[in-house]
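>
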Amino acid sequence: ARTSSCARTHHKMSDKRAEGQARKAAKKQSEIEKVAAANAAAEDAEWADGAKKANKKQEADADKKARAAERKAAAAAELAEEEASLAAPKASKAKKSSAGKKTRAEIAAEAMARIEADAKAEAKRKKEIKAKGGDEYMGVLEANTNKSSEIDASGVDDAIAAMDIAGSSATGLEKQRVNLKAAYAAFEARELPRLQEEQPGLKRSQYQERVHDLWVKSAENPKNQISKS
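Residues in the sequence shown are numbered from 12 upward in steps of one, following the numbering used here.
1) Please look up how many angstroms separate the CB atoms of N232 and A194, rounded, as I've assumed it's under 8 Å.
2) Does the distance from the C-beta atom of I126 to that of K234 stay below 7 Å?
3) Is it the case that the Cβ atoms of V222 and E202 are separated by a distance below 7 Å?
4) Nearest-angstrom Cα distance between E117 and A134?
5) In whole angstroms, give me the CA-to-CA distance for V227 and A200.
6) Can you have a look at E220 and say buried or exposed, based on whether 16 or more other CB atoms are within 10 angstroms of its CB?
7) So, is A122 buried or exposed, given that buried needs 16 or more other C-beta atoms within 10 angstroms?
8) State the start and end residues of the unbroken alpha helix (DSSP H) segment that holds E231.
9) So, at 7 Å on beta carbons, what are the nonlocal neighbours of A37 in its own chain, with the 5 sequence-adjacent residues on each side left out?
10) Take S229 and list the residues in its own chain whose beta-carbon comes closer than 8 Å to its own, dropping the five residues that flank it on each side.
11) Indicate the three-state DSSP secondary structure (helix, strand or coil) for P211 in the structure shown.
12) In whole angstroms, what is the alpha-carbon distance linking E57 and A51?
13) By Cβ distance, which residues of its chain are closer than 6 Å to K67, with the 5 residues on each side in sequence left out?
14) Please state whether DSSP places T114 in a helix, a strand or coil.
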């Protein structure tokens, strides 16, 4: 009976020891699992943080490239605008210059129109004088406009050439008169602007008187050339 009692006691102690060892093992396993879970969570967090940083870097790079592209486009637009503003005055100046300069054909046309107008005016005067019984009037050739023609030296030559061509079909006295008108028109076109510059403030008629006085004495006057010959 004593032996049986000892055996039961030993069996109980063995069970308690086994239970204690099992609890310790379970506790240790639980701690291991907690540590593993914590490590896994930390690793996941690290990966997530790395992904966020990578995304931020990509976003920063994209933003940087976009700003660089904007600056480049703005610089190109500014350069194009500057080039356009520089080119505009040149084009305007060239257009103004070409518009202000008369062609040879225009100068000749103006000279012919002036000859015709002067001839009509003179014919009218002669008719009026003749009707009153007076002698033929050969006075100053008055201009039809209040503004002197802007004709340079070469323009005067062109005008004379045009007038000579116009009178080439005429003969005798008519041709002489055309040449006389042409010479006077060229002389007046050159001398009138000079007198206006040297003696400003005079009336149109006063300038014309002075031009006529110069013409009477000028070697360019065909009448003076005839009288000398």
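Yeah, the Cβ is synthetic: ideal placement off N, Cα and C, and Gly gets one too.
Walking through what the data contain:
1) 7 Å
2) no
3) yes
4) 26 Å
5) 16 Å
6) Exposed.
7) Looking at its Cβ environment, which holds 16 or more other Cβ atoms inside 10 Å, A122 is buried.
8) Neither: E231 is in no alpha helix (DSSP H) and is coded neither H nor E.
9) The beta carbon of A37 lies closer than 7 Å to none in the same chain, with the five residues before and after it left out.
10) Result list for S229: F198 and N235, in chain order.
11) In the three-state reduction of the DSSP assignment, P211 falls in the coil class.
12) 10 Å
13) none
14) coil
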